[in-house]
Every structure is written in C-alpha cells, then in structure tokens.
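Letter by letter, the sequence shown follows residues 1 to 218 of UniProt numbering. Virtual Cβ for every residue (Gly too), placed ideally from N, Cα, C. Bear in mind the structure is a predicted one, so any value in this text is a computation, not a measurement. Working notes, beginning with the structure itself.
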Amino acid sequence: MGNWFHDELDALNTHLLEMGSMIEYAIETGVQAMEQRNAELARTIVSYDREIDQKEREIESQCLKLLLRQHPVARDLRFISAALKMVTDMERVGDQAADISEIVSYIAQEGYIKQLEHIPKMAEKAVHMVKRAVDAFINRDLDLARAVIDMDDEVDGLFDVIKRELIELIHQNSAMGAQALDLLMIAKYFERIGDHAVNIAEWVEFAITGVHKGEKMG
1 MGNWFHDELD ALNTHLLEMG SMIEYAIETG VQAMEQRNAE LARTIVSYDR EIDQKEREIE
61 SQCLKLLLRQ HPVARDLRFI SAALKMVTDM ERVGDQAADI SEIVSYIAQE GYIKQLEHIP
121 KMAEKAVHMV KRAVDAFINR DLDLARAVID MDDEVDGLFD VIKRELIELI HQNSAMGAQA
181 LDLLMIAKYF ERIGDHAVNI AEWVEFAITG VHKGEKMG
C-alpha cells in the first residue's frame, strides 16, 4: 500500500475522533440542559443531530473510497470494515442524544419529581464508554476495548436503580406517572448508548483479532 493509503487511514482516524467528539458534546449538552431545565439548549441538540448524520455520511464515503481504490486485505480490510460498522453505532448514539434532548425540551418547564442523581451518573459513564471505545480503535488497543465492554454492567446497574426508584414514586403518587415515564425513557436511552459503545468496542476487537462476538441491540 502506498503513502496515499496510509494518509487516508490517518484522515479516517481524524474523522472518527471528530465524530466521537460530536456525540460526546451532544450527550453532555443534553444532560446540561436537563440539569438546568433549559428547553432552548435542549432544542439545539435536537437540531445538531443533522450535523452528526452528515459526518457519518462523510466517513462512510471515505471508507468506501478506500475499499474500492485499494482493495485492502487482512488487517487493513478489517479496520476499514470495522470503521463502517462503528459509524452506524456512533450515528445511533447521536440519535439517542437528540431523543433525550427532545424529552428534556418538553419537561424542562416542570419541577422534577425526584433529584437527578443517577441519570447524570449514567450519562457520565456512557460518554466515558463511547470516548474510550473510539480511542481503542484509533490506538488499536485491545485491552481498552475489552475494558469498555466490562463497563457496561455499571450502566445497566444504574438503569436498574433508576427504574426501581421511578416505579416506587408512581406507586406513591400516580400523578407522577407521566414524568416518571419520561425520565425512565431518558435512562433507557443512556443504557442504549452504553450498548452502542459496547458494539463499537467489539468491532475494535474484531479489527485487531479477526473475531467478533456479536452486536448488542440498542
């Protein structure tokens, strides 16, 4: 493979890092909007999802160009194929950040029925997982990819805590039901973001080892 190919691989890494930063920003800003009850800020993230979609299309085009022009084999082929799969999961993370922000834009004017304690923790862990998964790809770091996969249990555990708390609130006062369901849906989206981070990490593992364990649904 010539210098052009390796330059394009470097550019692909850069674009993946940029997309990773975009989805991290979307998640973190959505949480900020939720904590500040800022509907206007939440709506900016709903609109921002279009930019994430555009970045996905650019990366897909770049991957296809590499595949068609260079016909890579073995490890290079696996990495480009993995990148194509990864951007699909990354785009879904962007969608879910937008979904979270859309819910926040509706409930931001209300007083929350409970203190937002565990949802921000879920968000923090989910962002950490996504960032680490992308870093694992860029650095070809198998141990880091596997560490991301292991982190998913923490996100799932927080979701179970939130679900139990919200169900208890509904039992205490059925009038809290509508917002409790909205908050539960937000938590579910963060759980799915964690699942997508696992998918990304598993594609990194495939790129390095040639073995793929199978995607989690999200």
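{"Check": "Neighbourhood of residue 152 by C-beta distance below 6 Å, restricted to the same chain and skipping five residues each side", "Outcome": "194 and 198"}
{"Check": "Local conformation of residue 72 per DSSP, three classes", "Outcome": "coil"}
{"Check": "Classification of residue 155 by the beta-carbon crowding that lies within 10 angstroms, buried from 16 upward", "Outcome": "buried"}
{"Check": "Sequence-distant residues of its chain with Cβ nearer than 7 Å to residue 84 (five each side left out)", "Outcome": "60 and 63"}
{"Check": "Residue range of the alpha helix (DSSP H) that includes residue 25", "Outcome": "3 to 36"}
{"Check": "At least 3 beta-carbon pairs within less than 8 Å: the stretch 41 to 53 vs the stretch 113 to 124", "Outcome": "no"}
{"Check": "For residue 109, the nearest candidate out of 173, 34, 140 and 100 (CA to CA)", "Outcome": "34"}
{"Check": "Whole-angstrom distance between residue 140 and residue 190, CA atom to CA atom", "Outcome": "26 Å"}
{"Check": "Alpha-carbon spacing of residue 65 relative to residue 9, whole angstroms", "Outcome": "11 Å"}
{"Check": "Between the CA atoms of residue 188 and residue 160 - distance to the nearest angstrom", "Outcome": "10 Å"}
{"Check": "Cα-Cα separation between residue 100 and residue 200, rounded to whole angstroms", "Outcome": "21 Å"}
{"Check": "Boundaries of the alpha helix (DSSP H) in which residue 163 is found, first to last residue", "Outcome": "142 to 172"}
{"Check": "Burial state of residue 89, where buried means 16 or more other Cβ atoms lie within 10 Å", "Outcome": "buried"}
{"Check": "Per-residue burial, residue 71 [other beta carbons within 10 Å of its own, 16 or more giving buried]", "Outcome": "exposed"}
{"Check": "Endpoints, the alpha helix (DSSP H) within which residue 257 is located", "Outcome": "In this structure the chain extends from 1 to 218, so residue 257 is not present and cannot be described."}
{"Check": "Rounded straight-line distance, which links the Cα of residue 171 to that of residue 212", "Outcome": "43 Å"}
{"Check": "Simplified DSSP state of residue 94, which is helix, strand or coil", "Outcome": "helix"}
{"Check": "Cβ-Cβ distance between residue 53 and residue 107 below 8 Å", "Outcome": "no"}
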